[in-house]
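Remarks on the structure that follows.
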Amino acid sequence: MTTLTGAFGTGLTTPVWVLQHLLGILGIGMWAGQAGGTAVWQVPAAAVTAALAAGFAAQMGVRLPYAGPGLAASLLVVGSLVALGVRAPAVLAVLIAAVAAVFHGHAHQGPPLYWAGFAAGLMLVACGGLGLSVAVTQAESDRAVRLCGGVVAVAGVLDLVGVI
265 MTTLTGAFGT GLTTPVWVLQ HLLGILGIGM WAGQAGGTAV WQVPAAAVTA
315 ALAAGFAAQM GVRLPYAGPG LAASLLVVGS LVALGVRAPA VLAVLIAAVA
365 AVFHGHAHQG PPLYWAGFAA GLMLVACGGL GLSVAVTQAE SDRAVRLCGG
415 VVAVAGVLDL VGVI
């Protein structure tokens with residue numbers, strides 16, 4: 265079995281191995297899939313850009329108050345948006361995804377290769393959420409995607425109360 269090592273490999277796998285990142289970014293991808301249109305690429309791109317900007321800012325010494333609860337709240341918000349099937353205008357969806365992603369990027373620091381891997385990992389997970397949304401909607405129904413969003417929202421609540 266081959267493992268990914270080094271800065272790039274660590275960054276690439278971080279969005280998968282950290283449960284909050286996995287669920288949050290999958291949720292952003294699912295929400296983009298529900299919205300359709302230009303949101304399909306704009307929402308994930310905004311999320312990745314915001315996460316990287318927040319990580320760079322943290323690395324430069326900028327602190328984000330309540331980063332832990334903000335991460336949990338981002339799961340709750342994004343999961344609820346998916347669960348309720350909220351269809352926001354693309355501009356609002358981009359803004360919400362970017363604000364949520366700030367909490368996912370702020371906790372990380374590393375060299376340039378780490379950031380390249382982290383960006384790739386975030387985009388892969390977001391595309392996975394997008395694909396999940398489209399595939400599940402076609403195979404079953406939009407209700408199944410909403411159920412997945414509910415799981416993300418519940419994870420946010422569990423994170424807020426310290427269970428996960």
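Using the working numbering, the first residue of the sequence shown is number 265, and each one after it goes up by one.
Every residue, glycine too, gets a C-beta built ideally from N, C-alpha and C.
Helix, strand or coil: how does DSSP classify residue i here?
| i | result |
| --- | --- |
| V346 | helix |
| I428 | coil |
| H285 | helix |
| G226 | For residue 226 there is no data in the structure shown, the boundaries of the chain being 265 and 428. |
| H372 | coil |
| A439 | Because the chain is modelled from 265 through 428, residue 439 falls outside the range shown and cannot be assessed. |
If I follow the unbroken alpha helix (DSSP H) through residue i, where does it start and stop?
| i | result |
| --- | --- |
| V304 | 303-323 |
| P329 | Element bounds for P329: n/a, residue is neither H nor E. |
Report the residue from the options whose alpha carbon sits nearest the alpha carbon of residue i.
| i | options | result |
| --- | --- | --- |
| L396 | L268, M324, H372, A296 | A296 |
| A309 | V346, H368, A383, S344 | A383 |
| A357 | V341, H370, H372, A371 | V341 |
| G275 | G319, G343, V307, L287 | G319 |
| A271 | P375, V346, H370 | P375 |
Within 10 Å of its beta-carbon, does residue i have 16 or more other beta-carbons around it, so buried, or fewer, so exposed?
| i | result |
| --- | --- |
| A419 | buried |
| L300 | According to the sequence displayed, residue 300 carries Gly and not Leu. With fewer than 16 Cβ atoms within 10 Å of its Cβ, G300 is classed as exposed. |
| P279 | buried |
| V326 | exposed |
| D423 | buried |
| query | Residue ranges of each beta strand (DSSP E) run of no fewer than 3 residues wholly in the segment 378-428, ordered along the chain? | reply | none
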